[in-house]
Amino acid sequence: MASEPVPDGDQPYDERVVVDLLPVLRRVVGARIKDPHTVDDLVQETLARLMSTSRRIDPDKLHHYAAVTARHVVASYAERNDRARKRAHLLAEAEDVEPPTDGLLRQEDGEFVSAALAQLSAADRDLLVAHEVHGADTSTMAAERGSTPGAVAARLSRARASLRVEYLLVAEGAVPPTDRCRPVLRALSSGGRRRQRELDVNGHLLACTTCAQLADRLFERRGRPAEEDGVVRVQVSRDADVVTARQQGREAAARAGFSLSDQTLIATAISEISRNIVKFAERGEVTVSLVSEDGRQGISVVARDVGPGIANPEEALRDGYSTYHGLGLGLPGARRLMDTFLLRSVPGEGTTVTMEKWLP
Ligand SMILES: [Zn+2]
10 MASEPVPDGD
20 QPYDERVVVD
30 LLPVLRRVVG
40 ARIKDPHTVD
50 DLVQETLARL
60 MSTSRRIDPD
70 KLHHYAAVTA
80 RHVVASYAER
90 NDRARKRAHL
100 LAEAEDVEPP
110 TDGLLRQEDG
120 EFVSAALAQL
130 SAADRDLLVA
140 HEVHGADTST
150 MAAERGSTPG
160 AVAARLSRAR
170 ASLRVEYLLV
180 AEGAVPPTDR
190 CRPVLRALSS
200 GGRRRQRELD
210 VNGHLLACTT
220 CAQLADRLFE
230 RRGRPAEEDG
240 VVRVQVSRDA
250 DVVTARQQGR
260 EAAARAGFSL
270 SDQTLIATAI
280 SEISRNIVKF
290 AERGEVTVSL
300 VSEDGRQGIS
310 VVARDVGPGI
320 ANPEEALRDG
330 YSTYHGLGLG
340 LPGARRLMDT
350 FLLRSVPGEG
360 TTVTMEKWLP
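Take 10 as the starting number for the sequence shown in the numbering used here and just add one per residue.
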């Protein structure tokens, strides 16, 4: 049974009050963080916290509380970052090396990279480590191996493609169900058309769900999210995808001409519905498109998943039904941030959220 559009409920507080705090948040965070993307992320995180708690705050003290919250968010970000840096040192080999072309060997999750390297042939592994870690150039490597620089470069490129596949398998905890899966994935990763035809890669992807999902992942890792006819499409299944969806949404909102504040609101709403997919459905996609209607311009966001569906959409839209460690805004928050919000859910089939915001 599909739910009907849920009418706007009582506004528990005026979110414009919180939104008016955005310049303060931007100043507090911007004074401490250089990277503009990180500033956006942390301002949004602070906004989410404020919107979930501001009802209990005396309006006179909101300004002060907002600044304190922003400082807390920055401090916990710095702490997370510090932990990640310490973890990076687990990859002893990657210390003081020249940056590898592919970047995978420098990734913070050293254990994953080591486990992925262990799945390569000894020859491929030696080649990658010599080049990416020890900085050997292809001419030297060719001389040592009685080969040509061109052949070494081609071999390196295939080894990197294989490493990307192995890394993905480790990171996703996936086990290839057939003997054909690895060769198919490696051919996909390296982009070799002839090899892909020989292996009937497309036929395999139709038959093998595991590889079909891994193939999506593989291409996300290699490039930016797909964009066709101005529609941005982001596959969502993990926390990192939430960040991608939010950033893409923010960029689309900027292209549509929304103010900085509205960009933040739209990006925050996209975060919330994407997070909802990760938490409850495991897998779905978010599309963002620019729309116009009756001379008005706006942005439309559709989040689809094939998860279990929401048994009681009205309850899910009630305030306090949060999806994110009790901190985030959840679906009710996303609804408050946008002009229109439509939730359709079929238990056992999935959920679609459609929301729009229009330029003033
Ligand atoms: Zn397969």
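Every residue, glycine too, gets a C-beta built ideally from N, C-alpha and C.
Using the rule of at least 16 other Cβ atoms within 10 Å of the residue's Cβ for burial, across every protein chain shown, is V27 buried or exposed? As a working note, residue 27 is residue 18 in the sequence shown. The residue in question, V27, is buried, as its Cβ has 16 or more Cβ neighbours within 10 Å.
Any non-hydrogen atom of ligand 1 within 7 angstroms of R226 CB: The count along the sequence shown starts at 1 and reaches residue 226 at position 217. No, ligand 1 has no heavy atom inside 7 angstroms of this Cβ.
With L340 and I275 assumed to form a contact (beta carbons below 8 angstroms), what rounded beta-carbon distance in angstroms separates them? The residue labelled residue 340 in the question sits at position 331 within the sequence shown. The residue labelled residue 275 in the question sits at position 266 within the sequence shown. Between the beta-carbon of L340 and that of I275 there is about 15 angstroms, and that puts the pair past the 8 angstroms contact cut.
To the nearest angstrom, how far is it from the Cα of L194 to the Cα of V82? In the sequence shown, the residue the question calls residue 194 occupies position 185. In the sequence shown, the residue the question calls residue 82 occupies position 73. Here the C-alpha atom of L194 lies approximately 40 angstroms from the C-alpha atom of V82.
Can you tell which of R164, P158, F121 and I279 has its C-alpha closest to the C-alpha of D135? Numbered from 1 along the sequence shown, position 126 holds the residue referred to as residue 135. Ranking R164, P158, F121 and I279 by Cα distance to D135 puts R164 first.
Got a sec: does ligand 1 put a non-hydrogen atom nearer than 7 angstroms to the Cβ of H213? Start at 1 with the first residue of the sequence shown, and residue 213 comes out as number 204. Relative to ligand 1, the beta carbon of H213 is positioned inside 7 angstroms of a heavy atom.
Tell me where the alpha helix (DSSP H) around E281 begins and ends. Taking the first residue of the sequence shown as 1, we reach residue 281 at position 272. First-last of the alpha helix (DSSP H) with E281: L269 to N285.
Pick helix, strand or coil for Q306, following the three-state DSSP scheme. Working through the sequence shown from its first residue, we reach residue 306 at position 297. Correct three-state label for Q306: strand.
Collect the residues with a C-beta less than 7 angstroms away from any heavy atom of ligand 1 and give them in sequence order along the chain. With 7 angstroms as the limit, the residues whose C-beta approaches any heavy atom of ligand 1 more closely are P185, P186, T187, R189, C190, V193, H213, C217, T219 and C220, in sequence along the chain.
Helix, strand or coil at V300 [DSSP, three-state]: Start at 1 with the first residue of the sequence shown, and residue 300 comes out as number 291. Note: V300 maps to strand in three-state DSSP.
Could you check what DSSP says for M364 in three-state terms: helix, strand or coil? Counted from its first residue, the sequence shown places residue 364 at position 355. M364 falls in the strand class under three-state DSSP.
Indicate the three-state DSSP secondary structure (helix, strand or coil) for L34 in the structure shown. Position 25 of the sequence shown, counted from the first residue, corresponds to residue 34. The answer is helix: DSSP assigns L34 an H, G or I state.
Kindly give me the distance between the Cβ atoms of R255 and I286, rounded to whole angstroms, as I take these residues to be in contact under 8 angstroms. Your numbering for residue 255 matches position 246 in the sequence shown. Your numbering for residue 286 matches position 277 in the sequence shown. Contact flag wrong, Cβ pair sits at about 13 angstroms.
Tell me the DSSP secondary structure of R344 in three-state form. Locating residue 344 in the sequence shown gives position 335, where the first residue counts as 1. Here R344 carries a helix assignment [DSSP, helix/strand/coil].
Is the CB-CB distance between P322 and G357 below 8 angstroms? The count along the sequence shown starts at 1 and reaches residue 322 at position 313. The count along the sequence shown starts at 1 and reaches residue 357 at position 348. Remark: C-beta atoms of P322 and G357 do not approach each other more closely than 8 angstroms.
Sorted by chain position, which residues of the same chain lie with C-beta nearer than 8 angstroms to Q306's C-beta, five sequence neighbours on each side aside? Against the sequence shown, residue 306 aligns to sequence position 297. A265, G266, L299, V300, W367 and L368.
Using the three-state DSSP reduction, which class does H334 fall into: helix, strand or coil? For this step, residue 334 is matched to residue 325 along the sequence shown. Since pLDDT at H334 reaches only 42, below the 50 mark, its modelled position is unreliable, and the value read off the structure follows with that caveat. In the three-state DSSP reduction, H334 falls in the coil class, being neither helix nor strand.
I need the DSSP call for Q244, collapsed to helix, strand or coil. Numbered from its first residue, the sequence shown carries residue 244 at position 235. In the three-state reduction of the DSSP assignment, Q244 falls in the strand class.
Backbone secondary structure at R41 - three-state DSSP: On the sequence shown, position 32 is the one that residue 41 refers to. Taken through DSSP and simplified to helix, strand or coil, R41 comes out as coil.
Quick check on R169: buried or exposed, where buried means 16 or more other Cβ atoms within 10 Å of its Cβ? Position 160 of the sequence shown, counted from the first residue, corresponds to residue 169. Burial of R169 is indicated by the presence of at least 16 other C-beta atoms within 10 angstroms of its C-beta.
Can you tell me which of G201, S85, V184 and S148 puts its alpha carbon nearest to the alpha carbon of Q222? Position 213 of the sequence shown, counted from the first residue, corresponds to residue 222. Ranked by Cα distance from Q222, the options G201, S85, V184 and S148 are led by V184.
In the DSSP output, what is D314 paired with across the bridge? The sequence position of residue 314 within the sequence shown is 305, counting from 1. BP columns for D314 point to G293 and T360.
Rounded C-alpha distance that separates I319 from G359: Within the sequence shown, numbered from 1, the residue matching residue 319 stands at position 310. Within the sequence shown, numbered from 1, the residue matching residue 359 stands at position 350. If you take the alpha carbons of I319 and G359, they lie about 8 angstroms apart.
What is the rounded straight-line gap between the Cα of R36 and the Cα of D49? Numbered from 1 along the sequence shown, position 27 holds the residue referred to as residue 36. Numbered from 1 along the sequence shown, position 40 holds the residue referred to as residue 49. When the Cα atoms are used, R36 and D49 turn out to be separated by approximately 11 angstroms.
Find the nearest neighbour of C217 within the set D188, V245 and R154, judged by alpha-carbon distance. Counting from 1 along the sequence shown, the entry for residue 217 is found at position 208. If we check each option's Cα against that of C217, D188 comes out closest.
With a CB to CB cut of under 6 angstroms and the five nearest residues on each side skipped, what residues in its chain are close to S199? The count along the sequence shown starts at 1 and reaches residue 199 at position 190. Excluding sequence neighbours, S199 sits near R167 and A170.
Please name the residue in V310, E324 and H143 whose C-alpha comes closest to that of E365. By 1-based counting over the sequence shown, the position of residue 365 is 356. Selected option, being the one with the closest Cα: V310.
N-terminal and C-terminal residue of the beta strand (DSSP E) that S130 is part of: Residue 130 sits at position 121 when you count from the first residue of the sequence shown. No beta strand (DSSP E) contains S130, which DSSP labels as neither H nor E.
Cβ-based burial, L215 [other Cβ within 10 Å; buried from 16]: Mapped onto the sequence shown, residue 215 falls at position 206. So L215 ends up on the exposed side.
Cutoff 7 angstroms; reference P192; Cβ partners in own chain excluding five residues on either side: As a first step, residue 192 is located in the sequence shown; it is residue number 183 there, counting from the start. Once the five neighbours on either side are set aside, the close Cβ partners of P192 are L208.
Going by the beta-carbon positions, is the gap between E302 and S246 smaller than 8 angstroms? On the sequence shown, residue 302 is found 293 positions in, with the first residue counted as 1. On the sequence shown, residue 246 is found 237 positions in, with the first residue counted as 1. No, Cβ-Cβ distance for E302 and S246 is not below 8 angstroms.
Start and end of the alpha helix (DSSP H) containing L172? Taking the sequence shown and counting its residues from 1, one reaches residue 172 at position 163. It spans P158 to E181 - the alpha helix (DSSP H) in which L172 sits, taken as one unbroken run.
Using CA coordinates, which residue listed in D91, D44, R284 and D146 is at the minimum distance from V161? Mapped onto the sequence shown, residue 161 falls at position 152. Cα-wise, what sits closest to V161 is D146.
Quick check on R80: does DSSP put it in helix, strand or coil? In the sequence shown, counting from the first residue as 1, residue 80 sits at position 71. In the structure shown, R80 sits in a helix (DSSP, three-state: H, G or I).
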